[in-house]
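Student:
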Amino acid sequence: MPELPEVETIARGLAQNLTGDVIESVWLGSKPEPLKSPPGEIVSTLERARIAGVRRVGKHIVVDLSRQSSVVSRQKKPKQQAQWIVHLGMTGRLLIAQPDVAVAKHTHAILRLRSGRELRFVDPRRFGRLAVVRHGFQAPGSEPLEVGVESFAGLFHQRKTPIKSALLNQSLLSGIGNIYADESLFRAGVRPRRRAASLTRAELQRLYVAVQEVLSEAIAAGGSSVSDYVDSNGDAGFFQFQHRVYGREGEPCLVCRTPIKRIVIAGRSAHYCPKCQR
Ligand SMILES: [Zn+2]
63 MPELPEVETI ARGLAQNLTG DVIESVWLGS KPEPLKSPPG EIVSTLERAR
113 IAGVRRVGKH IVVDLSRQSS VVSRQKKPKQ QAQWIVHLGM TGRLLIAQPD
163 VAVAKHTHAI LRLRSGRELR FVDPRRFGRL AVVRHGFQAP GSEPLEVGVE
213 SFAGLFHQRK TPIKSALLNQ SLLSGIGNIY ADESLFRAGV RPRRRAASLT
263 RAELQRLYVA VQEVLSEAIA AGGSSVSDYV DSNGDAGFFQ FQHRVYGREG
313 EPCLVCRTPI KRIVIAGRSA HYCPKCQR
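Just so you know, this note's numbering puts the end of the sequence shown at 340, numbered straight through with nothing missing.
Following this line, the structure appears as structure tokens:
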């Protein structure tokens, strides 16, 4: 499943490739699951809209749309900005393709662009979601790369759940998934099962720094392969980020050589070093 760094990388790639283009027409498939807004509303919002920008909010890709309307531009009030929101779910991908490229199985939406290209949404498992909103989209939780250390610490105050579960709680922090939660806890030296409220001020400070570092490094690692990901089906590029604990059960800790442990917390696996993490 794409996590925050992957979504950030994809959003940057789409922004580079699509900003300024205009959506001429939209085709939607017949499967209802991927459509979180009524199909007619998606089509009417997207068609003839200009792509003003693409960015990440939490784990959502937000496509800012603008509309060339003489009526609107003559008015003093700010132009109403609709947005196209894409959540990739488990297996969703946005592909930029030339129209003569065969349409892949499990394609649920095709946007035909003025540049002659198509933007296609492909999702075999159909956990991805497409929606349109008329006013500013907001993710439910705080943005991990923008939240301050005080607000970050406040999120975990008096919270009785394991810190790992709190990090995954999207209403607290938006966009942190299993991999980066494990990696952040390792760098902070905090065991995943610790009650969130039990973390000391110093531990919260370390965790804050760790989350920033892990996400930033992963974004940097993914950044070099933006065009591959967007233009084709390459999931390559994201593997440059070396996991220190995630997926390394039984392998030696890169710091102290103790075998990495794997446990299950609320149905999700958690990986940690029993010596480096307390
Ligand atoms: Zn260790």
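Where a beta carbon is used, it is the ideal one built from N, C-alpha and C, also for glycine.
1) If Glu311 and Ile322 are in contact, beta carbons under 8 Å, what's the gap, nearest whole angstrom?
2) Just to confirm the assignment: which complete beta strand (DSSP E) runs, minimum length 3, are found wholly within the region 149-186?
3) Where does the unbroken alpha helix (DSSP H) through Lys226 begin, and where does it stop?
4) Three or more C-beta pairs closer than 8 Å, one from the region 85-96 and one from the region 266-273: is that the case here?
5) Considering only the alpha carbon of each residue, which of Ala280, Gly329, Gly284 and Arg330 lies closest to Arg306?
6) Taking the alpha-carbon positions, what's the Arg324 to Ala332 distance?
7) Leaving aside the five residues before and after Gln160 along the sequence, list all residues of the same chain whose C-beta is less than 7 Å from its C-beta, in chain order.
8) Under the three-state reduction of DSSP, which class applies to Ile322: helix, strand or coil?
9) I believe Ala258 touches Ala228 by the beta-carbon criterion, under 8 Å. Please report the beta-carbon distance rounded to the nearest angstrom.
10) If you drop the 5 nearest sequence neighbours on each side, which residues of the same chain put their C-beta closer than 6 Å to that of Glu313?
11) Give me the Cα-Cα distance between Ala272 and Ala250, rounded to the nearest whole angstrom.
12) Cα-Cα, which of Ile72, Leu156, Ile158 and Gly210 is closest to Leu235?
13) How would you write the range of the alpha helix (DSSP H) that Ala250 sits in, first residue to last?
14) Just reading off the beta strand (DSSP E) that Val195 is part of, what are its end residues?
15) Any residue with its C-beta under 7 Å from a non-hydrogen atom of ligand 1 counts. Can you list them all in chain order?
16) Looking only at its own chain, which residues have a Cβ that is under 8 Å from the Cβ of Leu261, when we skip the five neighbours before and after it?
17) In terms of alpha-carbon separation, which member of Arg176, Ile172, Ala193 and Phe189 lies closest to Phe183?
18) Cα separation between Ile238 and Pro206?
19) With 16 as the cutoff for other CB atoms within 10 Å, does Arg187 come out buried or exposed?
20) Within 10 angstroms of the Cβ of Glu245, are there 16 or more other Cβ atoms? Answer buried if so, exposed if not.
21) Which runs of the beta strand (DSSP E) spanning at least 3 residues fall entirely within the region 76-122, listed in chain order?
22) Give me, in chain order, the residues of the same chain whose beta-carbon lies closer than 6 Å to that of Arg118; leave out the 5 immediate sequence neighbours on both sides.
23) Between which two residues does the beta strand (DSSP E) carrying Tyr334 extend?
24) Go ahead and pull the three-state DSSP assignment for Arg257.
25) Once the 5 residues before and after Thr169 are set aside, which same chain residues still bring their CB inside 8 Å of it?
26) Taking only three categories from DSSP, how would you classify Ser278?
27) Rounded to whole angstroms, what's the CA-CA distance from Ala164 to Trp89? Just pull it up for me.
Tutor: Inspection of the coordinates gives the following:
1) With 8 Å as the limit, Glu311 and Ile322 qualify as a contact, their Cβ atoms being about 6 Å apart.
2) 155-159, 169-175 and 180-184
3) Ile225 to Leu230
4) no
5) Ala280
6) 6 Å
7) Contacts found: Arg179.
8) coil
9) 4 Å
10) Ile322
11) 6 Å
12) Gly210
13) Asn240 to Ala250
14) Arg191 to Val195
15) Cys315, Val317, Cys318, Thr320, Cys335, Lys337 and Cys338
16) Phe218, Ile225, Val252 and Leu269
17) Here the closest residue by C-alpha is Ile172.
18) 8 Å
19) By the 10 Å Cβ count, Arg187 comes out exposed.
20) buried
21) 85-90 and 112-119
22) Short of 6 Å from the beta carbon of Arg118, and not among the five residues preceding or following it, lie these beta carbons of its own chain, in chain order: Val69, Glu70 and Ala73.
23) Arg330 to Tyr334
24) strand
25) Gly91, Arg182, Phe183 and Val184
26) DSSP places Ser278 in helix when its eight states are reduced to three.
27) Rounded to whole angstroms, the separation of the alpha carbons of Trp89 and Ala164 is 15 Å.
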